[in-house]
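Peer 1: In my numbering, the protein residues as written are -12 to 234.
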Amino acid sequence: MENLDQLLLQAHQKLRFPKHSQPPRRGEYDSLSVGYSHGQGQLHPMNFAVSKHNRPILQGLLESPEIIRVARFMDRNLELYFPKVHRLLTNLTEILLGIEGLHLNRVFKDCCYAASQLNFSRAATDPHLDFMNAFFLCCGVWNGGRFDYKRGGQFIMWSLGLVVEFPPGAGILVPSASVTHANVPIGPEEHRHSVTFFTAAGILRWYCNGFMNDNEFLAQASKVQRENWEKYRADLWRFGLDILRDD
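1. Rounding to the nearest angstrom, what Cα-Cα distance links R138 and I173 in this structure?
2. Would you mind stating whether N41 and A110 have Cβ atoms separated by less than 9 Å?
3. Determine which residues share a DSSP beta bridge with S18 and list them.
4. Whole angstroms is fine: what's the gap from K218's alpha carbon to G47's?
5. Decide if H90 is buried, meaning its Cβ has at least 16 other Cβ atoms within 10 Å, or exposed.
6. Roughly how many angstroms lie between the CA atoms of G22 and N92, to the nearest whole one?
7. Please classify P10: is it buried, with 16 or more other beta-carbons within 10 angstroms of its beta-carbon, or exposed?
8. Specify the secondary structure class of I143 as computed by DSSP and reduced to three states.
9. Tell me whether T80 sits in a helix, a strand or coil according to DSSP, three-state version.
10. Contact defined as beta carbons within less than 8 Å: I believe P70 pairs with D229. What is the distance between those atoms, to the nearest angstrom?
11. Please report the Cβ distance between F279 and G227, rounded to the nearest whole angstrom; I am assuming they are in contact, meaning their Cβ atoms lie under 8 Å.
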């Protein structure tokens, strides 16, 4: 992972990051998202915007064998521990990428997630929930850098009352919309990167609505369709519990 650490450090020095009008909800560190998502007023799934300056830098980083291995590592772990979630995301990815006109960018060929967020330098999150994600979808979090993992960088799952050592090179799968999570800060002379893998809940809703937003679907739905839709939403927690089981 030494090579990837250097690649992330070099990319961080070259990339330009957007200025925030208010403090970021997850914490004060530089980050960029790649891939595609759906929400916040979008009519359909769309690629994350990437500036002309950042595009070749990110392309070089995302095509490196080191980060591709990380993506495969997180994908295979999801398949091992949560096979139903993995099948759902794999099938959804294949369907979306086959829709003519969307032109969605797949970040990693051998990874079922729709998007990744690259967190640089001194990445350590404040307690938060990723409320844009589906509550039953496990996000992947990979951890890298140079820091003493016995003293900092631990992964805290507040909802479960757990603190887990999180050494460089390790990965964690967590339903990040359901479990409040954070990291212990690292030392002043240390650095830590993370790469997260996720699929936004809005993509699933758009697909389940017959490739429509909620408002679009409800505007043209019959009474029976609306009743079935409301029942499906009310029972979604049962589906979520079932899909997290590996039986």
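Even glycine gets a Cβ: it sits at the ideal position worked out from N, Cα and C. This one's a predicted model, so the numbers in the text were calculated from it and none came from an experiment.
Peer 2: The short version:
1. Position 151 of the sequence shown holds residue 138. Position 186 of the sequence shown holds residue 173. Going from the Cα of R138 to the Cα of I173 covers about 7 Å.
2. Position 54 of the sequence shown, counted from the start, is the residue given in the question as residue 41. Position 123 of the sequence shown, counted from the start, is the residue given in the question as residue 110. No, Cβ-Cβ distance for N41 and A110 is not below 9 Å.
3. Taking the sequence shown and counting its residues from 1, the one referred to as residue 18 is at position 31. S18 is bridged to N106.
4. Locating residue 218 in the sequence shown gives position 231, counting from the first residue. Locating residue 47 in the sequence shown gives position 60, counting from the first residue. Those two C-alpha atoms are separated by around 46 Å.
5. If you number the sequence shown from 1, residue 90 lands on position 103. H90 comes out exposed.
6. On the sequence shown, residue 22 is found 35 positions in, with the first residue counted as 1. On the sequence shown, residue 92 is found 105 positions in, with the first residue counted as 1. Looking at the two C-alpha atoms, the distance is approximately 6 Å.
7. As a first step, residue 10 must be located in the sequence shown, where it is residue number 23. Any answer about P10 is weak, because its pLDDT of 48 lies below 50 and its placement is not dependable; what the coordinates show is given next. Taking all protein chains in view, the Cβ of P10 is surrounded by fewer than 16 other Cβ atoms within 10 Å, so the residue is classified as exposed.
8. Position 156 of the sequence shown, counting from 1, holds the residue named residue 143. It is a strand residue.
9. Locating residue 80 in the sequence shown gives position 93, where the first residue counts as 1. In this structure, T80 counts as helix in the three-state DSSP scheme.
10. The residue given as residue 70 occupies position 83 in the sequence shown. The residue given as residue 229 occupies position 242 in the sequence shown. About 12 Å separates the two Cβ atoms, so there is no contact after all.
11. Within the shown structure, residues of the chain are numbered from -12 to 234, placing residue 279 beyond reach of any answer.
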